[in-house]
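A short worksheet on the structure shown next.
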Amino acid sequence: MEVPPWRKARRSEAGAECVEVALASDGRTVGVRDSKELGLGPILEFTHGEWTALLKSVQSSS
């Protein structure tokens, strides 16, 4: 998966233990990784629909 720069929540910029997200250049795939792994760990890949469903699920459980 070729991705542009990774992003994380503004509130966690100072912290090293974050989840980072990147939208692939094709616009159809979202990558998720652990910032502690410094880019060496696994990347979870979601389709746009899967990512949207995950976000809705997390938001509704808050």
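Each residue of the sequence shown is one higher than the one before, counting from 1 in our numbering.
Even for Gly, the Cβ is constructed at its ideal location relative to N, Cα and C.
Here the structure is a predicted model, which is why all the values come from computation and not from measurement.
Continuous alpha helix (DSSP H) stretch holding residue i: start and end
i: GLU50; result: 48-60
Where the beta strand (DSSP E) containing residue i begins and where it ends
i: ALA22; result: 19-23
i: GLY31; result: 29-34
Contacting residues, own chain, Cβ-Cβ under 8 Å from residue i (five flanking each side not counted)
i: ARG7; result: GLU20, VAL21 and ALA22
i: ARG28; result: THR47 and HIS48
Own chain partners of residue i with C-beta closer than 6 Å, once the 5 adjacent residues on each side are dropped
i: THR47; result: none
i: CYS18; result: LYS8, SER12 and SER35
Supposed close pair residue i, residue j - CB separation, criterion 8 Å
i: SER25; j: PRO42; result: Not a contact, Cβ separation roughly 20 Å.
i: GLY31; j: GLU50; result: Not a contact, Cβ separation roughly 12 Å.
Residue(s) in a DSSP beta bridge with residue i
i: ARG7; result: VAL21
i: GLU45; result: GLY31
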